[in-house]
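Report on the structure given below.
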Amino acid sequence: PKKTVRLYLPFILPSYLRAPRPRNVRRLLEKAVFRDPRRIEEAWVHTIVEQWKPRRQRKAFIATGNALRGADATVAGDLERVRAPTLVVWGRQDPQFDWEIGEAAARRIPQARFVAIEECGHFPMVEKPTETAAAVSAFLGP
-9 PKKTVRLYLP FILPSYLRAP RPRNVRRLLE KAVFRDPRRI EEAWVHTIVE
41 QWKPRRQRKA FIATGNALRG ADATVAGDLE RVRAPTLVVW GRQDPQFDWE
91 IGEAAARRIP QARFVAIEEC GHFPMVEKPT ETAAAVSAFL GP
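Under the numbering used here, the first residue of the sequence shown carries the number -9, and numbering increases by one thereafter.
Structural data, given as structure tokens:
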């Protein structure tokens, strides 16, 4: 398992897997989540540290990452069957999943609209809340 984790998450220190620490969580967020590390709030870092203290939480994170690794998100599920108007919001610089994956997924949903938030990583709602809220407001209408 250690070897697999290192292959999947090479930027995480092995100590992170034994006991999450704020500096290691921050490093993870800088490398794998945020486009702009200045947007990482310390309260969020500490929340993640607390949530991931139980070993089962870390194992679940690793298992999810391994399941997604190499998965083709554009062909997963029955997106064509979604009938509700759908907004797909993606960070243009998402280090986990390229924005084209989100765009391709949106094309498969009959009433979807795709919005890529510029200069944004994996969590647009956290990194660019104003732009994300504007996209949601425009989508929902008056």
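The beta carbon of each residue, even a glycine, is placed where N, CA and C say it ideally should be.
Since this is a predicted model, take the numbers as computed values, not measurements.
Of all the options the options, which has the alpha carbon lying nearest to the alpha carbon of residue i?
i: residue 78; options: 90, 71, 86, 85; result: 90
i: residue 103; options: 49, 76, 21, 17; result: 76
i: residue 67; options: 99, 36, 39; result: 99
i: residue 82; options: 19, 24, 18; result: 24
So is residue i buried or exposed if we call it buried at 16+ other beta carbons inside 10 Å?
i: residue 135; result: No information on residue 135 is available, as it lies outside the stretch -9 to 132 that the chain covers here.
i: residue 131; result: exposed
i: residue 118; result: buried
i: residue 126; result: exposed
i: residue 12; result: exposed
Could you pull out every residue in the same chain whose Cβ sits closer than 8 Å to the Cβ of residue i, ignoring the five residues on either side in sequence?
i: residue 74; result: 101
i: residue 10; result: 38, 39, 42, 43, 48
i: residue 36; result: 12
Who are the Cβ neighbours of residue i in its own chain at under 6 Å, not counting the five residues just before and after it?
i: residue 80; result: 89, 92, 106
i: residue 72; result: 99
Alpha carbon to alpha carbon, how far is residue j from residue i? Give it in angstroms, no decimals.
i: residue 26; j: residue 113; result: 11 Å
i: residue 54; j: residue 46; result: 12 Å
i: residue 129; j: residue 120; result: 14 Å
i: residue 109; j: residue 43; result: 31 Å
i: residue 21; j: residue 111; result: 10 Å
i: residue 51; j: residue 14; result: 15 Å
i: residue 115; j: residue 28; result: 15 Å
i: residue -8; j: residue 124; result: Since pLDDT at residue -8 reaches only 45, below the 50 mark, its modelled position is unreliable, and no value is offered.
i: residue 34; j: residue 18; result: 13 Å
i: residue 32; j: residue 97; result: 37 Å
Please confirm whether residue i and residue j have their CB atoms less than 8 Å apart.
i: residue 48; j: residue 30; result: no
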